[in-house]
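Right, one structure below, let's go through it.
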Amino acid sequence: MSASTRKRPPPAAHPSPAAHPPKHQATTPPSQQPAPRPPLEEEFLDEDVYLDETLIPGGDDDDEEYLILRDIEERQGLASRLAKWARPPLSDGYLSQSKNVVYQQLEIDYVIGESHRELLPDRFGPAAIIRIFGVTREGHSVCCNVHGFEPYFYISCPPGMGPDDISRFHQVLEGRMRDANRNSKVPKYVRRIEMVQKRSIMYYQQQTSHPFLKIVVALPTMVTTCRGILDRGIQIDGLGMKSFMTYESNILFALRFMIDRNVVGGNWIEVPAGKYRRTAKKLSYCQLEFDCLYSELISHSLEGEFSKMAPFRILSFDIECAGRKGHFPEPNHDPVIQVANLVTLQGESQPFVRNVMTLKSCSPIVGVDVMSFDTEREVLLAWRDLIREVDPDIIIGYNICKFDLPYLIERAEALGIPEFPILGRVRNSRVRVRDTTFSSRQHGTRESKEVTIEGRVQFDLFQAVQRDYKLSSYSLNSVSAHFLSEQKEDVHHSIISDLQNGNAETRRRLAVYCLKDAYLPQRLLDKLMFIYNYVEMARVTGVPISFLLSRGQSIKVLSQLLRKAKQKNLVIPNMKQAGSEQGTYEGATVLEAKAGFYEKPIATLDFASLYPSIMMAYNLCYCTLVTPEDVRKLSLPPECVNRTPSGETFVKSSLQKGILPEILEELLAARKRAKADLKEAKDPLERAVLDGRQLALKISANSVYGFTGATIGQLPCLEISSSVTSYGRQMIEHTKKLVEDKFTVLGGYEHNAEIIYGDTDSVMVQFGVPTVEEAMKLGREAADYISGTFIKPIKLEFEKVYYPYLLISKKRYAGLYWTSPEKFDKMDTKGIETVRRDNCLLVKNLVTECLHKILIDRDIPKAVQYVKSTISDLLMNRVDLSLLVITKGLTKSGDDYDVKAAHVELAERMRK
1 MSASTRKRPP PAAHPSPAAH PPKHQATTPP SQQPAPRPPL EEEFLDEDVY LDETLIPGGD
61 DDDEEYLILR DIEERQGLAS RLAKWARPPL SDGYLSQSKN VVYQQLEIDY VIGESHRELL
121 PDRFGPAAII RIFGVTREGH SVCCNVHGFE PYFYISCPPG MGPDDISRFH QVLEGRMRDA
181 NRNSKVPKYV RRIEMVQKRS IMYYQQQTSH PFLKIVVALP TMVTTCRGIL DRGIQIDGLG
241 MKSFMTYESN ILFALRFMID RNVVGGNWIE VPAGKYRRTA KKLSYCQLEF DCLYSELISH
301 SLEGEFSKMA PFRILSFDIE CAGRKGHFPE PNHDPVIQVA NLVTLQGESQ PFVRNVMTLK
361 SCSPIVGVDV MSFDTEREVL LAWRDLIREV DPDIIIGYNI CKFDLPYLIE RAEALGIPEF
421 PILGRVRNSR VRVRDTTFSS RQHGTRESKE VTIEGRVQFD LFQAVQRDYK LSSYSLNSVS
481 AHFLSEQKED VHHSIISDLQ NGNAETRRRL AVYCLKDAYL PQRLLDKLMF IYNYVEMARV
541 TGVPISFLLS RGQSIKVLSQ LLRKAKQKNL VIPNMKQAGS EQGTYEGATV LEAKAGFYEK
601 PIATLDFASL YPSIMMAYNL CYCTLVTPED VRKLSLPPEC VNRTPSGETF VKSSLQKGIL
661 PEILEELLAA RKRAKADLKE AKDPLERAVL DGRQLALKIS ANSVYGFTGA TIGQLPCLEI
721 SSSVTSYGRQ MIEHTKKLVE DKFTVLGGYE HNAEIIYGDT DSVMVQFGVP TVEEAMKLGR
781 EAADYISGTF IKPIKLEFEK VYYPYLLISK KRYAGLYWTS PEKFDKMDTK GIETVRRDNC
841 LLVKNLVTEC LHKILIDRDI PKAVQYVKST ISDLLMNRVD LSLLVITKGL TKSGDDYDVK
901 AAHVELAERM RK
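Reminder that position 376 of the sequence shown reads as 376 in UniProt numbering, one-by-one numbering, no gaps.
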């Protein structure tokens, strides 16, 4: 409900209260205020018109009447100020339903509601309704309620089961489901059971298909119930007690819908005119809300106009709280004193809303709309009204999911403002906050909060930077300094309460600080291209954008696998979580590092996309793997199979093309196209989209191998992952042998080549030549020669030369990085103190300076002297204390660490 439509005007018969001063001051002159918008259609008005009015008891009738009128006038004044930031009004074509609705979707979820009587006259009772939120090209917000899509899964059909057997099975299963769902009002739990021809994705099978049963249930949660019943076993006449393996029974309902309708995250959807019905009683605050059948949706591929971005509204906000001295702010005690808001249209560099809401008066700020209020309740409700009126598609900030949003919700609860948390696009639906734990091998375990604001995407820059970048500190100040060379305003948290308790000028200083904290996340979002990169990742992998921050890699690969399997008529089994019981496999090869300082050029040869290339070259997939039993039983000709170095057997693509190799081929081909288009593109926005796409395609291709090796995953297959690494080890050894056998004095070269180091997908070669140019020439010759010995698409590429090169140990080296013989590109370091995050600045600076003197200045005595000088300064207490601070991450509780390092002990002491 927007602020501009919430209050009715006061009756004309009452005297005007204009003589009384208003409670909140406007810094925009009245002459510049926009005229109030014309009233919208009746169905767009909210029904709870007087929800937030408070009648003040006591005093005579005139005073009470005056206070009510003043409150009404002030809310209308606030509403008219907010109205200038509203979305453009709907055109007649949308209002009359004569125009196709074309919009870019941002968020997909589902709710349980009654079946739509007009669209589905034959159905009744509760049903799952898919909700798709998005934005049209004109900037209108959309809520599309999709009807008729039903949850389902598969089981393999027992041999000899006919139509009568299926009917009896249906009755038995319906009875068991009724017993398990006694409180449900669903008229029929198992809607229908159909026999279909499918094939499991697991293992090579000579038969093209087998009979499966497709079980369609009433509600998405009933898939889990039904799976449990079938897992435990069910009594079937003629077959006895039988348990079933289920297929595709662990897929989220919204993702199932997206896969079946070929919808991918962030793509454009069209609903033709005449195929949708405007909702009679709107359930959302979106401008355009309508119902349609799932079969009427048109999902557009990402080409031409449909590869572009809609004008999303992005709200960046920050709050300030007045904490008690020595205490971190707590929502039960400490008030919210300011909220800063910046709203930007996607693709534009400057915000069109610059606003700050303050508790108590605040001096004007140039270019900022300052709104001041007498009570904290008014501040919170004004912010809620701003959210509804501006209607942001994406809400961003720094640490908003763990602090700002939960704090606002809990503070409103403490103040008794039940109407505050309705911040989403769904009427009467409150924001939900729950504790979550994200765990992965790469990122460790992180506790956070999941905030659900229906219809809006929350994008926490803190989480995104933490996930995508390795930094020594993730404070907003440090991250802004690192990426933007900017920092926060100089206001220490300890003086915030004093500034609030001062006067309008001190509160102005606090407001500028708060605005800067809202501005920096928007700058980071633009600088790091997060929206482009994440939308493109959602498009490439097919998952909703919200999944990218809240979930790991496996859901993205599973989505691609399910889409490809559907095309091939394959089904994916629901594997029980195996934990680490499946064992482990040998990883990549690291050739022994011949440590030393090399003053002759070192050529580096890299395999292009090694693991994806191996999977494509040798057709490694779930559906091409032959079990040891079948190797004997099927008598496959030797020329039709690949036996991997780890002892597994896979059929070649001549017999059956694997699903994973097909996915990888498409991803890498699409990346090649995106990179070619990127070279041609001139428009900065188009370049940003294409760069985001090629990066998403690269990450997706590399994560497919990891999906097969994740023992705690959706579909682990160690036979594939161990085969990939065994081929990788073999190729590194093969490369080493060929280089050292061919590039010799006996072979007609000036020097004997020597492999000084090799790691996973690259080798470093000393050809013995004195110049970078000669090393590059030999590097290219070696790469072409060795590539010719591998099966396509495996390819060894010459990439760079290091000269000079300091090799300390495996995964620890430094050198000057050359891609052309004229000038080095940069000083490159791996695994040493300059790039490691767990060292103090003194060590980083010392090592960086030493490397500069050794590698660039070529002055080793000066480097030694510099180290001695620094140690002397340290011993004489001449080093600034800030240079000795060490930052470490704590990703587990103290008891979970086998060896308790200093930072773990310190954290435990601080907890106590």
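Using N, Cα and C, we set each Cβ at its ideal position, and we do this for glycine too.
Remember, it's a predicted structure, so these values are computed and weren't measured experimentally.
Give the range of the beta strand (DSSP E) segment to which residue i is assigned.
{"i": "LYS198", "result": "190–200"}
{"i": "ILE856", "result": "ILE856 -> no beta strand (DSSP E), and no H or E assigned at all."}
{"i": "PRO126", "result": "126–136"}
{"i": "PHE212", "result": "210–217"}
{"i": "ALA688", "result": "Careful: ALA688 lies outside any beta strand (DSSP E), inside the alpha helix (DSSP H) at 684–709."}
{"i": "CYS143", "result": "141–147"}
{"i": "CYS292", "result": "288–293"}
{"i": "residue 917", "result": "With the chain represented from 1 up to 912, any question about residue 917 goes unanswered, as that position is not in the structure."}
Would you grab the beta carbon distance between residue i and residue j for me? Rounded to a whole angstrom, and I think it's under 8 Å.
{"i": "GLN714", "j": "MET575", "result": "7 Å"}
{"i": "ASN341", "j": "PHE317", "result": "5 Å"}
{"i": "SER762", "j": "THR604", "result": "6 Å"}
{"i": "ILE319", "j": "VAL343", "result": "About 16 Å separates the two Cβ atoms, so there is no contact after all."}
{"i": "PRO406", "j": "VAL451", "result": "7 Å"}
{"i": "SER156", "j": "PHE212", "result": "6 Å"}
{"i": "ARG313", "j": "PRO392", "result": "5 Å"}
{"i": "ALA254", "j": "ASP122", "result": "In fact, because the Cβ distance is near 25 Å, the residues do not count as touching under 8 Å."}
{"i": "SER700", "j": "LYS556", "result": "7 Å"}
{"i": "GLN287", "j": "SER141", "result": "5 Å"}
{"i": "GLU270", "j": "ASN100", "result": "6 Å"}
Based on the DSSP secondary-structure assignment, which residues constitute the bridge partners of residue i?
{"i": "THR358", "result": "GLN338 and SER372"}
{"i": "ASP109", "result": "ARG131"}
{"i": "TYR598", "result": "TYR805"}
{"i": "TRP383", "result": "None, per the DSSP bridge assignment."}
{"i": "TRP268", "result": "GLN104"}
{"i": "MET764", "result": "THR604 and TYR757"}
{"i": "MET827", "result": "LEU816"}
{"i": "ARG434", "result": "GLU450"}
{"i": "THR321", "result": "For clarity, residue 321 is Cys in the given sequence; the question names Thr instead. Looking at the DSSP assignment, CYS321 forms a beta bridge with VAL336."}
{"i": "PHE743", "result": "Paired residues: none, contrary to the question."}
Below 6 Å CB to CB, which residues in the same chain sit around residue i once its five sequence neighbours on both sides are set aside?
{"i": "MET910", "result": "none"}
{"i": "PRO793", "result": "SER613 and MET616"}
{"i": "TYR276", "result": "PHE290 and CYS292"}
{"i": "ARG878", "result": "none"}
{"i": "ALA674", "result": "LEU690, ARG693 and GLN694"}
{"i": "LEU434", "result": "Checking the displayed sequence, the identity of residue 434 turns out to be Arg instead of Leu. GLU450, listed in sequence order."}
{"i": "THR436", "result": "SER448 and GLU450"}
Please return the same chain residues whose Cβ sits closer than 7 Å to the Cβ of residue i, not counting the five positions on each side in sequence.
{"i": "GLU489", "result": "VAL512, TYR513 and LYS516"}
{"i": "LEU293", "result": "LEU119, HIS147 and GLY148"}
{"i": "SER473", "result": "THR887"}
{"i": "VAL379", "result": "VAL336, VAL339, MET357, LEU359 and PHE373"}
{"i": "GLU505", "result": "SER363"}
With the cut-off set at 9 Å, would you say residue i and residue j are in Cβ contact?
{"i": "CYS640", "j": "TYR203", "result": "no"}
{"i": "ASP460", "j": "LYS527", "result": "no"}
{"i": "residue 913", "j": "TRP85", "result": "The chain is shown from 1 up to 912; residue 913 falls before or after that span and cannot be answered."}
{"i": "LEU842", "j": "LEU906", "result": "no"}
{"i": "GLN105", "j": "ASN267", "result": "yes"}
{"i": "ILE541", "j": "GLN567", "result": "Ile is not the amino acid found at residue 541; the sequence shown has Thr there. No, the Cβ-Cβ distance between THR541 and GLN567 is not below 9 Å."}
{"i": "LYS198", "j": "TYR152", "result": "no"}
{"i": "SER243", "j": "PRO573", "result": "no"}
{"i": "ILE832", "j": "ARG812", "result": "yes"}
{"i": "ARG456", "j": "LEU423", "result": "yes"}
{"i": "ALA322", "j": "VAL135", "result": "no"}
{"i": "GLY728", "j": "LEU610", "result": "yes"}
{"i": "PHE798", "j": "ALA814", "result": "no"}
In chain order, what residues of the same chain lie with their CB nearer than 8 Å to the CB of residue i, ignoring the 5 residues before and after it?
{"i": "ALA726", "result": "The question names Ala, but residue 726 is Ser in the sequence shown. These residues qualify, in order along the chain: GLU586, THR644, PRO645 and SER646."}
{"i": "ALA565", "result": "ILE201, VAL571, ILE572 and ILE659"}
{"i": "ASP498", "result": "THR506"}
{"i": "GLU42", "result": "Residue confidence for GLU42 is low, a pLDDT of 28 falling below 50, so the modelled location carries little weight; the figure read from the coordinates is stated next. There are no such residues."}
Please list the terminal residues of the continuous alpha helix (DSSP H) segment that includes residue i.
{"i": "GLY93", "result": "92–95"}
{"i": "TYR152", "result": "Taken as a continuous stretch (DSSP letters only), TYR152 belongs to no alpha helix (DSSP H), being part of the beta strand (DSSP E) at 152–156."}
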